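**Q**
In my numbering, the protein residues as written are 6 to 668.
1. Ignoring anything shorter than 3 residues, give me the beta strand (DSSP E) runs that lie fully in the region 492 to 576, in order along the chain.
2. I need the straight-line Cα distance from residue 338 to residue 139, nearest angstrom please.
3. Along the chain, which unbroken stretches of the beta strand (DSSP E) at least 3 residues long are found entirely within the region 178 to 220?
4. To the nearest angstrom, how far is it from the Cα of residue 200 to the Cα of residue 443?
5. Mind the definition here: the region 255 to 272 touches the region 474 to 481 only if three or more C-beta pairs lie below 8 Å; say whether that holds.
6. Using the DSSP secondary-structure output, state which residues sit across from residue 451 in a beta bridge.
7. Is residue 107 helix, strand or coil when you go by DSSP?
8. Expressed to the nearest angstrom, what Euclidean distance is found between the alpha-carbon atoms of residue 558 and residue 584?
9. Could you name the residues of the same chain whose beta carbon sits closer than 6 Å to that of residue 376, not counting the 5 residues immediately before and after it, in chain order?
10. Which of helix, strand or coil does DSSP assign to residue 86?
11. What residue from 343, 112, 209, 290 has the CA that sits closest to residue 318's CA?
12. If we call anything under 8 Å between Cβ atoms a contact, is residue 506 one with residue 500?
13. Is residue 491 buried or exposed, if buried means 16 or more other CB atoms sit within 10 Å of its CB?
14. Using a Cβ-Cβ cut-off of 7 Å (strictly less than) and excluding sequence neighbours within five positions of residue 288, which residues of its own chain qualify?
15. Between which two residues does the beta strand (DSSP E) holding residue 654 run?
16. Determine the direct distance from the alpha carbon of residue 324 to that of residue 419, and round the result to whole angstroms.
17. Can you check whether the CB of residue 538 is closer than 8 Å to the CB of residue 633?
18. If you follow the alpha helix (DSSP H) that residue 137 is in, where does it begin and where does it stop?
19. On a Cα-Cα basis, can you pick out the residue from 649, 305, 64 that is closest to residue 171?
20. Got a sec, what are the start and stop residues for the beta strand (DSSP E) residue 612 sits in?
21. If contacts are defined as beta-carbon pairs under 8 Å, then residue 596 and residue 189 qualify, I think. What distance do you get, rounded to the angstrom?
22. Which residue from 607, 580, 471 puts its Cα closest to that of residue 78?
23. Between residue 229 and residue 215, which are expected to be in contact by the criterion C-beta below 8 Å, what is the C-beta distance as a whole number of angstroms?
24. Less than 8 Å separating the beta-carbons of residue 370 and residue 309?
25. Per DSSP, residue 428 forms a beta bridge with which residues?
26. Taking the CB atoms as reference points, tell me whether residue 99 and residue 83 lie closer together than 8 Å.
27. Answer yes if the region 652 to 667 comes into contact with the region 172 to 182, meaning at least three C-beta pairs across the two stretches below 8 Å, and no otherwise.
28. Just checking my contact of residue 593 with residue 222 at CB under 8 Å: how many whole Å lie between their CB atoms?
29. Residues bridged to residue 1 by DSSP?
30. Whole angstroms are fine: how far does the CA of residue 106 sit from the CA of residue 159?
31. Counting Cβ pairs closer than 8 Å, one from the region 224 to 241 and one from the region 279 to 288, do we hit at least three?
32. Using beta-carbon positions only, say whether residue 527 and residue 247 come within less than 8 Å of one another.
33. Between the C-alpha atoms of residue 302 and residue 462, what's the straight-line distance to the nearest angstrom?
34. Does DSSP classify residue 81 as helix, strand or coil?
35. Look at residue 332 and residue 256 and say whether their C-beta atoms are less than 8 Å apart.
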């Protein structure tokens with residue numbers, strides 16, 4: 006009986022234990038769903054905030070894509086687009102869940118930190134503006150999300166919820182549907198200058214490789230300022246040859262190498278001997294100064310300009326008051342075929358050297374090397390001048406005449422061309438001789454050594470990306486064996502079809518270790534994507550018009566305009582405009598030589614066709630026979646189809662780009 010009573014008592018005690026356990030666990034059981042709700046609410050807000058950040062970055066990328074690299078690129082508009090889609094604007098899109106006020110969602114663009122937080126610090130972001138950096142980095146922060154489970158003065162809300170999205174612009178690496186046109190890179194890989202003794206069969210006096218040294222006035226500058234050449238001057242005429250190379254060598258005649266002679270001239274003058282009769286007069290320092298030419302020794306402005314000829318001459322000992330000796334001296338300069346008298350500068354005679362100068366003399370545009378020679382006359386010579394024409398007179402005074410240096414140039418200027426592909430000076434738009442900080446070191450005494458550097462400026466103006474609707478028109482020539490056409494599709498038999506249908510095979514930029522096959526047959530037998538493109542040979546006269554009609558108007562024989570020129574809308578061009586086309590970029594000098602073969606693809610560029618040979622559109626820009634005209638643009642695709650490379654988009658270089666969501 007006692008045992009039974011004990012068992013009953015124990016049973017009653019177990020019921021009490023269960024009660025205690027339930028009481029202890031009941032608060033947790035009640036709070037757990039609230040905690041789960043808080044966690045779920047946090048995840049929901051975080052997920053939606055991430056969607057907001059993604060939408061903001063992608064929408065802003067669409068805005069940036071239309072104007073990156075253009076003068077009209079508007080950082081304010083890009084940022085406002087991002088804000089509109091971030092949910093932080095009361096009138097925008099993608100507002101946060103649960104009735105969260107836009108004032109509780111904070112926006113940071115290209116910032117290393119989130120709103121009101123010192124850490125974490127993002128060292129990978131480029132803090133420059135989107136138009137400069139090509140990056141849209143959006144950091145969003147929602148502040149003070151209320152908790153369902155809260156404790157007064159301990160925790161009542163989540164202080165920060167962060168989300169992050171980034172779109173970066175990368176160079177596009179792979180293309181299809183390009184036009185069968187290749188544009189040589191405007192910039193060489195290497196530049197070499199060679200000093201030549203023009204008075205002795207162009208014997209080589211010295212060479213230097215030039216290094217790229219930034220840009221100035223829209224020109225790419227190359228010089229050897231860091232490594233001047235110690236040039237002994239022991240001859241009267243020194244010329245400079247410039248070799249520009251898109252390949253691995255700078256040897257004239259090699260593929261991808263263009264050489265330009267007589268771009269610069271240095272006079273070496275004698276300081277010895279007497280110019281007093283019966284000796285012929287002596288020309289010492291002869292130099293040029295600016296008239297209207299910005300540079301008296303080299304100009305490539307597309308217009309004529311003037312230079313002034315200066316000469317220090319020796320006719321014998323000076324007369325009193327620094328005047329000329331009474332030999333009846335007169336001088337005529339010939340700048341090319343143009344004659345101009347030189348005038349003695351009164352009171353400039355010192356010892357036996359007098360200073361003379363011409364009035365400004367015109368130099369025609371694109372005249373090439375223009376020699377300067379000097380004729381002299383002594384109408385009152387006390388003796389016959391050795392080697393001169395003094396007539397048949399038997400007694401003094403004698404009237405003698407002759408030419409300094411036997412009629413050889415005593416100085417030279419160069420008038421270049423601005424035409425694309427010209428053979429006079431190619432892309433060279435500036436060429437100067439320097440010594441230290443002194444420019445125009447073009448006349449020095451013989452028997453001296455000078456630390457000489459050459460500075461050249463290469464133009465990119467004809468094939469650089471347009472920055473405004475008024476940017477210069479670019480002419481793409483498709484002419485015989487010297488044209489810029491390539492054979493990009495082995496399945497199509499002629500240029501007309503390739504222009505009309507585009508190049509179907511996949512092409513990509515050549516890798517650093519890539520090599521091009523010798524023939525198109527080998528190239529076309531290799532796996533795609535191809536890193537080289539075949540040069541097209543033969544005559545394509547008349548095919549440009551029909552091919553471009555099909556490409557743009559949809560009819561090879563179009564006589565009405567279906568797709569008009571919308572270049573005036575730049576930079577806000579319609580991505581579906583058929584006038585937006587891609588072309589190949591190849592190394593500098595790719596089309597120097599005739600013949601077939603293949604050339605490497607260095608990049609691709611987007612070109613807007615604003616006119617072509619016999620276009621039916623009245624609003625098109627005029628084009629010559631077998632020409633396509635328009636503008637290169639920095640085109641950014643907003644849909645990455647896997648063709649993006651790893652190289653950041655460079656707004657200062659040719660080449661199409663792709664917007665990629667990277668974070």
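Beta carbons: idealized from backbone N, C-alpha and C, even for Gly.
Treat the numbers as computed from the prediction; the structure is a model and nothing was measured.
**A** On the basis of the supplied data:
1. The DSSP assignment places complete beta strand (DSSP E) segments of no fewer than 3 residues inside the region 492 to 576 at 537 to 540, in order along the chain.
2. Cα to Cα, the separation comes out at about 56 Å.
3. Qualifying beta strand (DSSP E) stretches, in chain order: 187 to 189, 195 to 202.
4. Rounded to whole angstroms, the gap between the alpha carbons of residue 200 and residue 443 is 19 Å.
5. Taking 8 Å as the limit for Cβ pairs, the verdict is that the region 474 to 481 does not touch the region 255 to 272.
6. In DSSP, residue 451 forms no bridge with anything.
7. In the three-state scheme derived from DSSP, where H, G and I count as helix and E and B as strand, residue 107 is classed as helix.
8. Rounded to whole angstroms, residue 558 to residue 584 spans 10 Å at the Cα level.
9. Apart from the 5 residues on each side of it in sequence, residue 376 sits with its Cβ closer than 6 Å to the Cβ of 414, 417 in its chain, given in chain order.
10. When DSSP states are grouped into helix, strand and coil, residue 86 belongs to the helix group.
11. The residue with the shortest Cα to Cα distance from residue 318 is 290.
12. Taking C-beta atoms as the reference points, residue 506 and residue 500 fail to come closer than 8 Å.
13. Taking all protein chains in view, the Cβ of residue 491 is crowded by 16 or more other Cβ atoms within 10 Å, so the residue is classified as buried.
14. Answer for residue 288: 274, 316, 318, 379, 409, 410, 415, listed in chain order.
15. That residue, residue 654, is in no beta strand (DSSP E); it is neither H nor E in DSSP.
16. Looking at the two C-alpha atoms, the distance is approximately 37 Å.
17. For residue 633 and residue 538, no; Cβs fall outside 8 Å.
18. Per DSSP, the continuous alpha helix (DSSP H) segment holding residue 137 begins and ends at 135 to 138.
19. Here the closest residue by C-alpha is 64.
20. In the DSSP annotation of this structure, the continuous segment of the beta strand (DSSP E) that includes residue 612 starts and ends at 608 to 617.
21. In this structure, residue 596 and residue 189 form a Cβ contact; the two beta carbons are roughly 6 Å apart against a cut-off of 8 Å.
22. Closest option to residue 78, Cα to Cα, is 471.
23. Confirmed, about 5 Å.
24. Contact flag set, yes.
25. Here residue 428 is not bridged, per DSSP, to any residue.
26. 8 Å or more divides the Cβ of residue 99 from the Cβ of residue 83.
27. Taking 8 Å as the limit for Cβ pairs, the verdict is that the region 652 to 667 does touch the region 172 to 182.
28. 21 Å between Cβ atoms; not a contact.
29. Since the first and last residues shown for the chain are 6 and 668, residue 1 lies out of range.
30. For residue 159, the predicted model reports a pLDDT of 48, less than 50, meaning its position is unreliable; a value from the coordinates is still stated below. Between residue 159 and residue 106, the C-alpha separation is close to 24 Å.
31. No, because fewer than three Cβ pairs between the region 224 to 241 and the region 279 to 288 fall closer than 8 Å, the two stretches do not touch.
32. No; because the gap between Cβ atoms is not below 8 Å, this pair is not in contact.
33. Cα to Cα, the separation comes out at about 14 Å.
34. Residue 81: helix per DSSP, three-state reduction.
35. Their beta carbons are not under 8 Å apart, which means residue 332 does not touch residue 256 by this criterion.
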